[in-house]
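These notes concern the structure reproduced below.
2 protein chains.
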Amino acid sequence: MAVGNIEFPLMHAVSGVKLGTACAGIKQTERDDLLLIEMAEGATCAAVFTQNAFCAAPVTVAKDHLSKQPRYLLINSGNANAGTGEQGMADAELSCVEVAQLAQVGAEQVLPFSTGVIGEALPIIKIVDTLPKAQENLVEDNWLKAAHAIMTTDTFAKGYSKVIEIDGCAVTITGISKGAGMIQPNMATMLGFIATDATISQQNLQQCLSVAVEQSFNRITVDGDTSTNDACVLMASGASSLPEIMPGTDTMGAFQLAVQEACMFLAEAIIRDGEGATKLIKIKVQQASSDAEAVEVAKTIAHSPLVKTAFFANDPNWGRILAAIGRSGVDQLDVKKISIYLGEVCIVEKGGRASSYTEAAGQKIMDQQEITVTVVLGRGEQEQQVLTCDFSYDYVRINAEYRT
Amino acid sequence: MAVGNIEFPLMHAVSGVKLGTACAGIKQTERDDLLLIEMAEGATCAAVFTQNAFCAAPVTVAKDHLSKQPRYLLINSGNANAGTGEQGMADAELSCVEVAQLAQVGAEQVLPFSTGVIGEALPIIKIVDTLPKAQENLVEDNWLKAAHAIMTTDTFAKGYSKVIEIDGCAVTITGISKGAGMIQPNMATMLGFIATDATISQQNLQQCLSVAVEQSFNRITVDGDTSTNDACVLMASGASSLPEIMPGTDTMGAFQLAVQEACMFLAEAIIRDGEGATKLIKIKVQQASSDAEAVEVAKTIAHSPLVKTAFFANDPNWGRILAAIGRSGVDQLDVKKISIYLGEVCIVEKGGRASSYTEAAGQKIMDQQEITVTVVLGRGEQEQQVLTCDFSYDYVRINAEYRT
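Respectively, the protein sequence lines represent chains E and D.
Using my numbering, you'd call the opening residue of the first sequence number 82 and step up by one each time.
Using my numbering, you'd call the opening residue of the second sequence number 82 and step up by one each time.
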């Protein structure tokens, strides 16, 4: 039940980044569930991780290894290795040691990632046994298989790829993501892996990724449940002819925008595949007094079960949007200054039903698959947006039946 | 689909408080939807209201009138008079003027309350025309009809009544509430009306109510959507033989407890009638460093759609509870100190799966209709609890079909 265009794009290989998949049979035996990514020597690697205090063992290990010149990423689907205590940590560390031995690098140069059920022991033997096969399969032109190997409850593989020109040089950005909800701790935690052949220091790459993620992956929500395993990685192989990208330059600006576009595309793909989703909903909040305030209002609307079920029912039930804004916790909110638009249709002005509004006009927008809600607060100049999806019978079904 | 015991109790009349109902035909014509409550001269009245910035017109008017020695409450179901701008304010004020004229009191001595659909004009003519009939019906022994008149999507009428002895004197506390979710802005906002024959000043009554509501109505949630119309009123007629209750006395302590019990009972009744609810879930958080922290953790669990769908499915999917705690925003949370119990069964110890835990033991608890989840944070001495319900297909159905 994905929303809109979900075609897997033509994936441009990134010189210096190889991918190999294999089937370890972690939760099923029909498809690959293990992905090994190799970065050429000298590549830089940035990453951001979940802020959930109960973060999974591989997240703890990957955070620790990030500063130690990573060469390999090892990703498994089917098991989150979260809530697994000391055994989980030992398993995550062992998986790094095994990759390191095969590849003749240090164990601290391997970053582990897991996604799947929480609270069950990682089948580490299966993973270790399957590693050589994944290593044998390492090739640069392997992004499609990689996108499939990291899927859990996703209904389609999510990819992005573009060759852009910066300062007359071709730069490739290619990436994959998974997740059928931003955060579904028991199964579908969000992962993103993006590679570029640009040359850029780890510090600058990290800064670039953090900015991009804040405006993309951190602005989507299916159900508000922050996962224990979320991670997004940006690798830069340095294989392109473009000289090293330095901070504060126009080149950095162009690169930042390109990374942001990749993140935004992959984030939107996750919402299009939101569990049970039938609609893609963009919530824009304008004229806020701060970015944080705009995000808070947008997320309050995006998390409201009443707003989400109204969207599922194609019901222009704007009272629910208004009530969500009213409870969002904005200090000294003057509702008389607030306008709300559904698409181009003004539904609320000066805090009450717009005089020009008709149910028929609202209905016409609600019948669409992709809908923008714009909230104008009249408090300042800041604007932010959040992407979400609706709340359907299938959301309940998927999450009620998940472990059966 | 209400959970557990929902029998309407025998309601003891409260001397000095009369109730009259009538059918104004606001949304339907089969049952009474208008309730007038009269307090004898000299009664005191306390109230708490929604903190939603988009509060309904009657809430604004009632807040303003509360300090002016209220004699009448006028409540309608079927229309919230919220998001109705200046016309809504004029309608709410007009309803007070009309009651005042009939009853020969000041308009500022009338508090208006509305519950129902947001954003539609209040049918004020119907209400005004029906007022005389409600006034004619004013009698003290009329709580059952009153409880029915304020219902919207509620599946049963909610009442509480008790005669207690304080300092050798009989004191009656009788009350009603409505709401099939704590907060459902488009229809079923929560209302509570409680009366006692105790003698107590407005200031002390207000203090008593605020404390009681904080521990009862403010600790329940169906879907996290704070309504535009929530209100709870406590009336004290002074008709009992008990002398005036003064702050800081044992008498006040006993009265406070009695009011709290009434609020808790009526609050729990709302959760038992939660939209689509099949389970009553009590979430206790112990050893928190503050009450606010305990409530925050409990509410994060209570609002998690993943936790709620797992309860609906009788699935002891404790990873979802753990993930919700991890994202609750507690500063410097040391997950290694956390234990979680499902009923009496320890599911998590030291932040990981308890060594003694078996899926069968967890399943036995999950199969029950009323379940307690206890989270031990190991950070301090504070304890709080929140009541919630599960998230079922029927929740989606009820809220997707609400306006059709």
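Cβ coordinates follow ideal geometry from the N, Cα and C atoms, glycine included.
Note that the structure is predicted; figures quoted are calculated from it, not measured.
With a threshold of 6 Å on Cβ separation, who are the neighbours of residue i within its own chain once the five nearest residues in sequence on each side are excluded?
{"i": "residue 126(D)", "result": "151, 316"}
{"i": "residue 430(D)", "result": "420"}
{"i": "residue 251(E)", "result": "244"}
{"i": "residue 273(E)", "result": "258, 313, 347"}
{"i": "residue 147(D)", "result": "128"}
Just the C-alpha distance for residue i and residue j, rounded to the nearest angstrom, thanks.
{"i": "residue 144(D)", "j": "residue 260(E)", "result": "47 Å"}
{"i": "residue 466(E)", "j": "residue 375(E)", "result": "8 Å"}
{"i": "residue 340(D)", "j": "residue 245(D)", "result": "11 Å"}
{"i": "residue 155(D)", "j": "residue 303(E)", "result": "41 Å"}
{"i": "residue 87(E)", "j": "residue 105(E)", "result": "27 Å"}
{"i": "residue 98(D)", "j": "residue 200(D)", "result": "32 Å"}
{"i": "residue 342(D)", "j": "residue 239(D)", "result": "14 Å"}
{"i": "residue 267(E)", "j": "residue 121(E)", "result": "Confidence at residue 267(E) is low in this model, with a pLDDT of 31, below 50, so the placement of that residue should be treated as unreliable; the coordinate-derived value is given next. Cα-Cα distance, rounded: 34 Å."}
{"i": "residue 187(E)", "j": "residue 123(E)", "result": "15 Å"}
{"i": "residue 353(E)", "j": "residue 299(E)", "result": "16 Å"}
{"i": "residue 422(E)", "j": "residue 212(D)", "result": "38 Å"}
{"i": "residue 418(E)", "j": "residue 479(E)", "result": "40 Å"}
{"i": "residue 328(E)", "j": "residue 289(E)", "result": "9 Å"}
{"i": "residue 216(E)", "j": "residue 181(E)", "result": "11 Å"}
{"i": "residue 373(D)", "j": "residue 301(E)", "result": "27 Å"}
{"i": "residue 377(E)", "j": "residue 278(D)", "result": "44 Å"}
{"i": "residue 142(D)", "j": "residue 448(D)", "result": "46 Å"}
{"i": "residue 461(D)", "j": "residue 338(D)", "result": "25 Å"}
{"i": "residue 368(D)", "j": "residue 413(D)", "result": "15 Å"}
{"i": "residue 437(E)", "j": "residue 90(D)", "result": "49 Å"}
{"i": "residue 264(D)", "j": "residue 227(E)", "result": "Below a pLDDT of 50, predicted positions are generally treated as unreliable, and residue 264(D), at 44, falls in that range; the measurement from the model is reported next regardless. Rounded to the nearest angstrom, the two C-alpha atoms are 44 Å apart."}
{"i": "residue 468(E)", "j": "residue 384(E)", "result": "11 Å"}
{"i": "residue 371(E)", "j": "residue 284(E)", "result": "27 Å"}
Going along the chain, which residues of its own chain have a beta-carbon closer than 7 Å to the beta-carbon of residue i, five neighbours each way excluded?
{"i": "residue 140(D)", "result": "130, 131, 310, 312"}
{"i": "residue 247(D)", "result": "323, 332, 335, 336"}
{"i": "residue 162(E)", "result": "137, 138, 139, 169, 172, 173, 195, 203"}
{"i": "residue 51(D)", "result": "Outside the shown range of chain D, which is 82 to 485, sits residue 51(D), and nothing can be said about it."}
{"i": "residue 402(E)", "result": "382, 388, 421, 454"}
Just reading off the beta strand (DSSP E) that residue i is part of, what are its end residues?
{"i": "residue 312(D)", "result": "312-317"}
{"i": "residue 119(D)", "result": "115-120"}
{"i": "residue 258(D)", "result": "250-259"}
{"i": "residue 194(E)", "result": "191-198"}
{"i": "residue 150(E)", "result": "Here residue 150(E) belongs to no beta strand (DSSP E), and DSSP marks it neither H nor E."}
{"i": "residue 245(D)", "result": "239-247"}
{"i": "residue 130(E)", "result": "125-130"}
{"i": "residue 427(E)", "result": "426-430"}
{"i": "residue 365(E)", "result": "361-369"}
{"i": "residue 274(E)", "result": "272-277"}
{"i": "residue 466(E)", "result": "463-470"}
Quick one: give me the first and last residue of the alpha helix (DSSP H) that residue i is part of.
{"i": "residue 177(E)", "result": "166-184"}
{"i": "residue 407(D)", "result": "399-407"}
{"i": "residue 351(E)", "result": "331-353"}
{"i": "residue 458(E)", "result": "Residue 458(E) -> no alpha helix (DSSP H), and no H or E assigned at all."}
{"i": "residue 476(D)", "result": "474-481"}
{"i": "residue 443(D)", "result": "440-447"}
{"i": "residue 294(D)", "result": "283-295"}
{"i": "residue 383(E)", "result": "372-384"}
{"i": "residue 225(D)", "result": "224-230"}
{"i": "residue 207(E)", "result": "205-217"}
With distances taken from CA atoms, which of the options is nearest residue i?
{"i": "residue 282(D)", "options": "321(D), 254(D), 326(D), 292(D)", "result": "326(D)"}
{"i": "residue 275(D)", "options": "213(D), 344(D), 249(D)", "result": "344(D)"}
{"i": "residue 102(D)", "options": "108(D), 117(D), 110(D), 90(D)", "result": "117(D)"}
{"i": "residue 115(D)", "options": "381(D), 458(D), 230(D)", "result": "230(D)"}
{"i": "residue 80(D)", "options": "406(E), 84(E), 297(E)", "result": "Lying outside 82 to 485, the shown extent of chain D, residue 80(D) is not represented and no answer is given."}
{"i": "residue 223(E)", "options": "416(E), 96(E), 418(E)", "result": "96(E)"}
{"i": "residue 382(E)", "options": "400(E), 294(E), 280(E), 142(E)", "result": "400(E)"}
{"i": "residue 159(E)", "options": "232(E), 206(E), 221(E)", "result": "232(E)"}
{"i": "residue 379(E)", "options": "458(E), 190(E), 108(E)", "result": "458(E)"}
{"i": "residue 197(D)", "options": "237(D), 109(D), 206(D), 218(D)", "result": "109(D)"}
{"i": "residue 463(D)", "options": "214(D), 350(D), 434(D), 365(D)", "result": "365(D)"}
Between which residues of its own chain and residue i is the CB-CB distance below 8 Å, once the five residues before and five after are set aside?
{"i": "residue 93(E)", "result": "242, 243, 244, 253, 255"}
{"i": "residue 443(E)", "result": "397, 399, 423, 426, 428"}
{"i": "residue 410(D)", "result": "377, 381"}
At least 3 beta-carbon pairs within less than 8 Å: the region 451-458 of chain D vs the region 348-363 of chain D: Yes, since at least three Cβ pairs between the region 451-458 of chain D and the region 348-363 of chain D fall closer than 8 Å, the two stretches touch.
The region 386-402 of chain D in contact with the region 468-479 of chain D per 3-pair CB rule at 8 Å: yes
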